[in-house]
Amino acid sequence: MTTLPGRPNTALIVIDVQNDVMAHAHQRDTVIANIAALVTRARSEGTPVIWVQHSDDDMVQGSDAWQYVPELTRHETEPLVHKTYGDSFEGTDLEDVLAAAAVGRLIVTGAETDACIRSTIHGAFTRGYDVTLVGDAHTTNDQSAWGAPPPEQVIAYTNLYWRSHRAPGRTAAVTDAESIAFPN
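Residue numbering for the sequence shown follows our numbering, starting at -8 and increasing by one per position.
Have a look at this one:
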């Protein structure tokens, strides 16, 4: 139901599942296992897998901290989008990659829930994409020392409000990894 004409396809987006981001992430191993299972299923069903990788002063491109976690391996044929902002669309070629694959529906996974995940799902939705957040395949670190709720509450709240997010001609949804359908 996307508002993007001629975009019937779906893509799995894997955002910032990098060594530094995931080192102390809430339920790290479970989230990575869920993402890995989704990547395997998407590949077997012909759904594009798009990898997004963040860099900044603390996570320098090419450093060990910047690398994707060893449990996830990107195929050379799968697009890699480099970003420096929270929203994976800002200052990147993500829109071009998705347009070239006729993608109008995104299935979003990764980290961090309260930063890059939230920015990207909102950025995609306002750009006309249907957006499904995989409720058990995104995570965050504990930011409670700076006034944020504990990670499990951040994740639960994001799932709660995204489930009821609405706008004309677009759909927002939250689905667990096991229930994700790749229609391509």
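Glycine included, each C-beta is placed from N, C-alpha and C at the ideal position. In this text, all values refer to a predicted model and were calculated from it rather than measured experimentally.
Take residue i as the anchor and find which of the options has the nearest alpha-carbon.
i	options	result
P(-4)	T111, A93 and K74	A93
A128	A27, H45 and S54	A27
A56	D11, A147, G160 and T38	D11
G82	V43, A14, M13 and E143	V43
S79	R65, N150 and V99	V99
T117	G126, L97, A136 and V125	L97
T166	Q52, Q18, Y152 and P(-1)	Y152
H45	Q58, H156, E36 and T130	Q58
T68	N25, I171 and V88	V88
H70	A91, Q52, R19 and I112	First, the residue type needs correcting, since residue 70 is Pro and not His in the sequence shown. Comparing Cα-Cα distances from P70 to each of A91, Q52, R19 and I112, the minimum goes to A91.
How many Å lie between residue i and residue j at the Cα?
i	j	result
I41	D121	16 Å
Q134	A163	26 Å
K74	G101	14 Å
A106	G77	6 Å
D176	D7	The shown model of the chain, from -8 to 175, leaves out residue 176, and the question about it has no answer.
P61	S54	14 Å
P142	V5	19 Å
S35	G138	42 Å
T131	S170	22 Å
N158	T149	Correcting the residue type first, residue 158 is Ala in the shown sequence and not Asn. Straight-line Cα distance between these residues: approximately 17 Å.
I23	G37	21 Å
By the 10 Å Cβ neighbour count, where 16 or more other Cβ atoms means buried, how is residue i classified, buried or exposed?
i	result
M(-8)	exposed
G114	buried
R109	buried
A168	buried
P174	exposed
A231	Outside the shown range of the chain, which is -8 to 175, sits residue 231, and nothing can be said about it.
T31	exposed
L85	buried
Q144	exposed
Q9	buried
E103	buried
L3	buried
H193	With the chain covering only -8 through 175, there is no way to say anything about residue 193.
R189	For residue 189 there is no data in the structure shown, the boundaries of the chain being -8 and 175.
Give me whichever residues DSSP pairs with residue i in a beta bridge.
i	result
L3	V40 and I98
L151	Bridge partners of L151: none, in fact.
T166	V125
Y59	Q9
D48	Looking at the DSSP assignment, D48 forms no beta bridge with any residue, so it has no partner.
Does the ligand MG have even one heavy atom less than 7 Å from the beta-carbon of residue i?
i	result
T21	Ligands are entirely absent from the displayed structure, and the ligand MG is therefore not among its contents.
Kindly provide the ranges of any beta strand (DSSP E) runs that are 3 or more residues long and lie completely inside the segment 91 to 138, ordered along the chain. 94 to 102 and 121 to 130
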